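**Student:** Mind having a look at this structure? Questions to follow.
Number of protein chains: 4
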Amino acid sequence: MGAPYVTTQKIRFCDTDMLGHVNNSVYSVLLEAGRVELVNEAGLLDPANGFGVVIVRLELDFIGELNWPGEVTIESVVYRLGTKSIQVRQRLISNGTIAAKAHTVLAVLDMNTRKAVPLRDDWRKTLDQWVVEDF
Amino acid sequence: MGAPYVTTQKIRFCDTDMLGHVNNSVYSVLLEAGRVELVNEAGLLDPANGFGVVIVRLELDFIGELNWPGEVTIESVVYRLGTKSIQVRQRLISNGTIAAKAHTVLAVLDMNTRKAVPLRDDWRKTLDQWVVEDF
Amino acid sequence: MGAPYVTTQKIRFCDTDMLGHVNNSVYSVLLEAGRVELVNEAGLLDPANGFGVVIVRLELDFIGELNWPGEVTIESVVYRLGTKSIQVRQRLISNGTIAAKAHTVLAVLDMNTRKAVPLRDDWRKTLDQWVVEDF
Amino acid sequence: MGAPYVTTQKIRFCDTDMLGHVNNSVYSVLLEAGRVELVNEAGLLDPANGFGVVIVRLELDFIGELNWPGEVTIESVVYRLGTKSIQVRQRLISNGTIAAKAHTVLAVLDMNTRKAVPLRDDWRKTLDQWVVEDF
Chain A
0 MGAPYVTTQK IRFCDTDMLG HVNNSVYSVL LEAGRVELVN EAGLLDPANG FGVVIVRLEL
60 DFIGELNWPG EVTIESVVYR LGTKSIQVRQ RLISNGTIAA KAHTVLAVLD MNTRKAVPLR
120 DDWRKTLDQW VVEDF
Chain B
0 MGAPYVTTQK IRFCDTDMLG HVNNSVYSVL LEAGRVELVN EAGLLDPANG FGVVIVRLEL
60 DFIGELNWPG EVTIESVVYR LGTKSIQVRQ RLISNGTIAA KAHTVLAVLD MNTRKAVPLR
120 DDWRKTLDQW VVEDF
Chain C
0 MGAPYVTTQK IRFCDTDMLG HVNNSVYSVL LEAGRVELVN EAGLLDPANG FGVVIVRLEL
60 DFIGELNWPG EVTIESVVYR LGTKSIQVRQ RLISNGTIAA KAHTVLAVLD MNTRKAVPLR
120 DDWRKTLDQW VVEDF
Chain D
0 MGAPYVTTQK IRFCDTDMLG HVNNSVYSVL LEAGRVELVN EAGLLDPANG FGVVIVRLEL
60 DFIGELNWPG EVTIESVVYR LGTKSIQVRQ RLISNGTIAA KAHTVLAVLD MNTRKAVPLR
120 DDWRKTLDQW VVEDF
């Protein structure tokens with residue numbers, strides 16, 4: 000049983016749109032920023048060795064507005080580990096409030112064949128530290 | 000029974016990321032670009048009169064890569080009309096291939112109370128032209 | 000004596016910021032979108048063969064606002080050709096009005112040495128069609 | 000005689016482009032992120048009271064690459080104060096190296112008339128703390 004991977008991002012002025020708040024597409028940017036730090040620390044983002052991580056599916060619930068200026072805490076957990084897929088769950092938190100929840104399905108890609116590869120045991124071992132099954 | 004609302008966007012060089020293809024967050028940008036044109040034509044994006052449209056939920060299936068240079072066709076339909084919600088389904092198409100499918104739940108917001116308002120009959124009538132229930 | 004290279008871009012909803020107009024950083028995005036189309040057509044954007052184009056200096060005069068929805072025409076000319084540098088001048092035009100003028104210094108990079116290389120004669124010949132010295 | 004206003008930004012994965020480094024338009028984003036924090040602290044970004052700051056001119060020298068993952072330090076100084084204009088000079092620093100230098104001309108806008116207004120004495124007093132004339 001692991002713990003969430005926690006990181007932060009500062010909201011940039013240009014993240015806002017003409018409605019006065021952070022544009023919805025920036026939620027995807029912030030979620031990715033959190034995921035790639037986790038994935039990079041796990042050694043899965045390794046184009047030099049022919050491996051990369053791609054996103055297969057995103058489910059994103061917009062719960063609250065994000066505003067400039069401000070900072071966002073990004074909590075990410077490994078929710079499920081399949082044979083070839085990694086399910087990640089995330090929360091964007093600002094001012095102590097959950098602004099968004101996301102469920103993502105990732106796959107590790109062989110950059111040459113452009114096909115998903117089975118998750119190796121050493122990858123699983125590293126990912127285990129962030130497994131939280133009831134997030 | 001209506002027909003999809005179709006629009007296009009050119010891929011910009013900066014839409015790509017270090018993996019060589021269009022970054023996944025840009026899919027959200029392109030989907031929004033298609034939705035707001037539809038919503039604007041329906042008169043629902045009207046901050047001057049106190050109305051705006053917000054996104055409540057996004058489900059996004061990444062099916063294929065997008066690359067620069069290129070153009071994307073964005074097909075959007077009104078999938079379901081609730082009392083206070085609009086379900087929109089969309090496809091991103093490039094080079095004749097579906098690169099992504101999305102299901103979005105939108106709400107019309109009273110900009111003063113920041114609460115969702117029931118869909119007015121004149122809005123429904125306009126939205127009807129893009130209703131496709133088996134998209 | 001050549002003619003400007005002309006291309007267009009649609010303004011995206013998320014290009015706007017909380018001041019209600021297109022964010023100033025998007026002007027850089029649109030200028031790049033125009034430049035890379037020109038540079039790509041000239042065969043200078045060729046990572047597979049070890050060549051890429053980098054920007055060395057940008058001078059950008061903001062003359063008018065850009066707004067959503069809208070389209071921008073991007074005019075680009077080759078202003079001067081040096082031994083190792085290309086000076087490009089550009090205009091962003093929307094609704095028949097100049098929204099920005101830019102002067103850019105580019106260099107062709109050897110991707111392995113990461114150093115600027117002298118402009119080859121065949122590159123010069125191609126670039127000549129867009130040379131306008133009094134833009 | 001003042002001191003630079005110093006702030007930081009984390010590089011996001013989607014800031015990179017297909018050339019493998021941070022896209023040049025993101026330099027404009029990072030510079031703006033630094034400027035608006037300064038301008039906001041000086042009370043000049045105040046749409047509620049009818050004032051906003053716009054950028055009139057940008058000169059930007061690209062000196063080095065920025066890469067993901069990484070953090071950027073943004074140093075900003077008030078270089079000159081005119082009757083109606085503020086000249087700001089900035090540096091982007093990463094890993095102890097200057098990646099870019101910028102010179103910006105700003106104006107304070109009356110949001111109703113959309114015209115530049117003379118700098119008020121209380122604004123000048125606040126801005127004085129960041130005046131560095133040989134930056």
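Protein chains in written order, with numbering that gives the first Met the number 0: chain A, 0 to 134; chain B, 0 to 134; chain C, 0 to 134; chain D, 0 to 134.
C-beta atoms are modelled at their ideal positions from N, C-alpha and C, and glycine is treated no differently.
Quick caveat, the model's predicted, so the values are computed rather than measured.
1. Output yes or no for whether 7 Å exceeds the beta carbon distance between T7/A and T72/A.
2. Can you tell which of E36/A, G69/A, R79/A and I85/A has its C-alpha closest to the C-alpha of I92/A?
3. Considering Cα atoms alone, identify which of V5/A, I10/A, D45/A and G1/A is closest to L65/A.
4. Classify L30/C as helix, strand or coil using the three-state DSSP reduction.
5. Kindly confirm or deny that the region 45-59 of chain C and the region 99-119 of chain C touch, where touching means at least three C-beta pairs closer than 8 Å.
6. Starting from the beta carbon of V89/D, find every residue of chain A whose beta carbon is closer than 7 Å, and list them in chain order.
7. For T15/B, does the count of other Cβ atoms within 10 angstroms reach 16, so buried, or fall short, so exposed?
8. Could you tell me whether any Cβ in chain D is nearer than 7 Å to the Cβ of A32/A?
9. Within a Cβ cutoff of 6 Å, which residues of the same chain sit near D60/D, ignoring the five residues on either side of it in sequence?
10. Quick one, which of R79/A, G63/A, G95/A and P46/A has its alpha-carbon nearest H135/A's?
11. Listed from N- to C-terminal order along the chain, which residues in the region 10-37 of chain C have their beta-carbon within a distance smaller than 7 Å of any beta-carbon of chain G?
12. I need the DSSP call for F134/A, collapsed to helix, strand or coil.
13. With DSSP as the reference, label T112/D as helix, strand or coil.
14. With DSSP run on the structure shown, which of helix, strand or coil describes T125/A?
15. Check distances from the C-beta atoms of the region 119-134 of chain B to those of chain D and list, in chain order, the residues that come in under 9 Å.
16. Short of 7 Å in beta carbon distance, which residues of its chain neighbour M17/D, apart from the five on each side in sequence? Order them along the chain.
17. How big is the Cα-Cα spacing for Y26/B and T96/A?
18. Can you list, in chain order, the residues of its chain whose CB lies under 7 Å from that of E132/B, leaving out five sequence neighbours each side?
19. Exposed or buried, what is G33/B when buried is set at 16 or more other beta-carbons lying within 10 Å of its beta-carbon?
20. Report the residue ranges of all beta strand (DSSP E) runs contained in full by the region 1-68 of chain B; include only those spanning at least 3 residues, in chain order.
21. Given A41/D, which residues of its chain have a CB within under 6 Å of its CB, disregarding the five upstream and five downstream residues?
22. Applying a beta-carbon distance threshold of less than 8 Å, which residues of chain A neighbour I54/B?
23. If you follow the beta strand (DSSP E) that L91/D is in, where does it begin and where does it stop?
24. Using a C-beta cutoff of 7 Å, does G51/C count as contacting chain D?
25. Buried or exposed for P3/D, please, with buried defined as at least 16 other CB atoms from any protein chain shown within 10 angstroms of its CB.
26. Could you tell me the alpha carbon to alpha carbon distance between V107/C and S84/C, rounded to whole angstroms?
27. If we cut at 7 Å on Cβ distances, does E58/C have a partner in chain D?
28. Quick one: is N111/A buried, meaning 16 or more other Cβ sit within 10 Å of its Cβ, or exposed?
29. Would you mind telling me which residues of chain A sit closer than 8 Å to Q8/D, beta carbon to beta carbon, in chain order?
30. According to the Cβ coordinates, are Q89/B and L30/B closer than 7 Å?
31. Taking 7 Å as the limit between beta carbons, can you name the residues of its chain near I54/C, skipping five residues before and five after?
32. What is the rounded straight-line gap between the Cα of R56/B and the Cα of T82/A?
33. Are L28/A and S24/B closer than 7 Å when you measure CB to CB?
34. Could you give the first and the last residue of the continuous beta strand (DSSP E) run that contains R79/B?
35. Can you say whether N22/A is buried or exposed, counting buried as having 16 or more other CB atoms within 10 angstroms of its CB?
36. Looking only at C-alpha atoms, which of L80/B, W67/B and V76/B sits nearest to G1/B?
**Tutor:** Let me lay it out:
1. yes
2. In this structure, G69/A is the residue among E36/A, G69/A, R79/A and I85/A with its C-alpha nearest to the C-alpha of I92/A.
3. With distances taken between Cα atoms, L65/A lies closest to I10/A.
4. helix
5. Counting C-beta pairs with one atom in each stretch, the region 45-59 of chain C and the region 99-119 of chain C have three or more that are closer than 8 Å, which means they touch.
6. Here residue 89/D is Gln; the residue named in the question, Val, does not match the sequence. For Q89/D, no chain A residue has a C-beta closer than 7 Å to its own C-beta; the minimum C-beta separation is roughly 14 Å.
7. buried
8. yes
9. K100
10. Nothing in the structure corresponds to residue 135/A, since chain A is present only between 0 and 134.
11. Considering every chain present, this structure includes no chain G. Its protein chains are A, B, C and D.
12. The answer is coil: DSSP assigns F134/A none of H, G, I, E or B.
13. coil
14. helix
15. none
16. none
17. The straight-line gap from Cα to Cα measures roughly 26 Å.
18. Y78
19. buried
20. 4-9 and 50-61
21. T125 and L126
22. N23 and F61
23. S84 to S93
24. yes
25. It is buried - the Cβ of P3/D has at least 16 other Cβ atoms within 10 Å.
26. 7 Å
27. Among the CB atoms of chain D, one or more fall inside 7 Å of the CB of E58/C.
28. exposed
29. K9 and R11
30. yes
31. T103 and L105
32. 28 Å
33. Reading the sequence as shown, one finds Val at residue 28/A and not Leu. The beta carbons of V28/A and S24/B sit closer together than 7 Å.
34. E70 to L80
35. buried
36. V76/B
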